[in-house]
Amino acid sequence: MREFVVEADGGSRGNPGPAGYGAVVSDAATGETLAEAAEYIGVATNNVAEYRGLLAGLRAARELDPQARVHVRMDSKLVIEQMSGRWKIKHPAMKPLAAEAATVFPQDRVTYEWIPRERNAHADRLANEAMDAGRRGEQWSAEASRADLDTPPATPAVPAPEGPPGDATAGAARVRAALASAGGAAAPGEPGPERRPAAGGAAVTGGADLAGTARGRSVEDASGAGPDTESGARADDPEAADVPGGRAAEGSRGGAGGPAPTDRAPGRRAAEPRATGVRAAGASGEGLAAGGPSRPAGGAPADADRRAAQAVATPSSGWAPADMGTPATFVLLRHGETPLTPQKRFSGSGGSDPSLSDIGREQAEKVAAALARRGTVQAVVASPLARTRETARIVAARLGLDVAVEDGLRETDFGAWEGLTFGEVRERYPEDLDAWLASPDARPTGGGESFAATAARVGEARDKLLAEYRGRTVLLVTHVTPVKTLIRLALGAPPEALFRMELSAASLSAVAYYADGNASVRLFNDTSHLR
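Letter 333 of the sequence shown, counting from 1, is numbered 397 in our numbering, and no numbers are missing.
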């Protein structure tokens, strides 16, 4: 039985706005591009365009072989989860499309997989071409398409060291570069004969606490709350939205390739106009190998990550031991509960700026007692918001320290969503919420702050504090998004990792930053002191 890989994408400029899709069918064994499809579909939403792309890809695969097995790969978390049966389909425009897609092949012969945005570059380029053609009043032409040709090749074996201090990408790249200079590079995606486990990069050390002593906690397996919904609760209530947890940004944007498609609608990848057409095998050569490593479509790291910090420590050569020195350790404390916390409401830097509740003050006292027993914190820095400054004052008083304020540690501004629950936002601003869940560049309704902007701001604050507190242990009293962002950057994780972490009120996390630019995540969401 033949096996195909279908990669599909769709986009809208305006959501709803001029929309289109692209789809690619490739041979699962060889990666050869067998068919391409694209269409400009007029005014539609992002999600409708994505479903239309899925349908086109499945139909193209059926035309090639109706008896084949099909593996669908898309960067739309919504489509993948709904077609896999894990999420409900509530939108009336998507229900018939999903039902139709489910009938193209028997369900036992189709599997679904979410992939990062940059691994879906071929379908995205087809979609852009077709939407461009639609804007000109033309139809997409398979003969004129360059999507296959323009899709970047696989990632080089030895990427250039790049990334901010404390970003795992930088440390791992330096190790690969040192290995390559010492004994040659391996083929992309394959370990070379001399390759050994990386000696740097970020690591979640299974048993280290704030000062490196025993204690460790794992990241919870959840689609965690991206925003500070004043509860730490996940934004994943299946009854609250079509996109439970959604995608914070479909895919990592790391890499060192060419520029990503631009001119995109707010909150959505650049999905340029597309018109209809299907190209058969052989029209433009081979596509990406199915399942193999692919070079990120965006090429350069995400703007947020790139802006987070520019300085990179000079790479060491070979396997000579690095002079690590004493790391700067940031103990990350999420503030205690406020009156909004149990109500699970968005509470950022643009809302009512609530103070702690009685429970929140009790939590802060318990944190203070725990940190006093450990005796490792040498300085306290807080976000400027009331709930963090109040938490910090309680802890600092117990430790005999002063509180410094760093504006870069404030929570994201959630615009018109401030004070609302996730369900209320879904009811009032469904399209804006979908866009926000889909892209780190999308902003909440009413001019709020995007996760990309938050990441840049938090990264700058991190670098400033690293320079000021070199080699010291500092308590940073902040919020959900800044804590998760610092963890994400230290791990080298993609933006959507924000939705994969659960962070409780008054919880402790910790990251150690070394002089060579590497970082070690030593603790995450520890609430043992509250019991």
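Backbone N, C-alpha and C fix where the C-beta goes; we use that ideal spot for every residue, glycine too.
- Counting the other Cβ atoms within 10 Å of the Cβ of residue 491 gives fewer than 16, which makes it exposed.
- With a contact defined as Cβ atoms closer than 8 Å, residue 435 and residue 539 qualify at about 7 Å.
- For residue 210, the three-state secondary structure derived from DSSP is coil.
- With 16 or more other Cβ atoms inside 10 Å of its own Cβ, residue 140 counts as buried.
- The residues 92 and 133, in chain order, have a CB closer than 6 Å to that of residue 67 in the same chain once the five nearest residues on each side in sequence are set aside.
- Its Cα nearest to that of residue 112, the residue 79 stands out among 79, 575 and 496.
- Residue 416 counts as exposed, since fewer than 16 other C-beta atoms from the protein chains shown sit within 10 angstroms of its C-beta.
- When secondary structure is reduced to three states using DSSP, residue 75 falls in the strand class.
- A Cβ-Cβ contact shorter than 7 Å links residue 448 with residue 471.
- Using a C-beta cut-off of 8 Å, the segment 419-428 makes contact with the segment 389-403, since at least three inter-stretch Cβ pairs fall below that distance.
- For residue 577, the enclosing beta strand (DSSP E) begins and ends at 572-577.
- Of the other Cβ atoms in all chains shown, fewer than 16 fall within 10 Å of the Cβ of residue 172; this residue is therefore exposed.
- Taking the Cα positions, residue 419 is about 8 Å away from residue 403.
- Under the three-state reduction of DSSP, residue 113 is assigned to helix.
- For residue 181, no alpha helix (DSSP H) segment is defined, and its DSSP state is neither H nor E.
- In the DSSP assignment, residue 84 is bridged to 75 and 104.
- Partner residues in the beta bridge of residue 537, as assigned by DSSP, are 393.
- In this structure, residue 117 lies near residue 72, with their beta-carbon atoms less than 7 Å apart.
- Between the segment 568-586 and the segment 546-556 there are three or more C-beta pairs closer than 8 Å, enough to call the two in contact.
- Cβ neighbours of residue 512 within its own chain (closer than 6 Å, five residues either side excluded): 477, 478 and 479.
- If one requires a minimum length of 4 residues, the alpha helix (DSSP H) runs lying completely within the segment 457-529 are 486-492 and 494-502, in chain order.
- In the structure shown, the three-state DSSP call for residue 147 is helix.
- Pairwise C-beta distances place the segment 143-159 out of contact with the segment 194-204, as fewer than three of them are shorter than 8 Å.
- For the pair residue 210 and residue 124, the Cα-to-Cα distance works out to about 19 Å.
- In this structure residue 167 is exposed. Its beta-carbon is surrounded by fewer than 16 other beta-carbon atoms within 10 angstroms.
- Put simply, the backbone Cα of residue 504 is about 37 Å away from that of residue 128.
- In the DSSP assignment, residue 584 is bridged to 576.
- In the same chain as residue 455, and ignoring 5 residues on each side of it, the C-beta atoms closer than 6 Å to its own belong to 399, 400, 428 and 541, in chain order.
- Note that the C-beta distance between residue 103 and residue 85 is below 7 Å.
- Counting along the chain, the unbroken beta strand (DSSP E) around residue 443 starts and ends at 443-446.
- Contact between residue 150 and residue 179 is ruled out by a C-beta separation of about 16 Å, above the 8 Å threshold.
- With 16 or more neighbouring CB atoms inside 10 Å of its own CB, residue 408 falls in the buried class.
- Residue pairing from DSSP places residue 68 in a beta bridge opposite 91 and 134.
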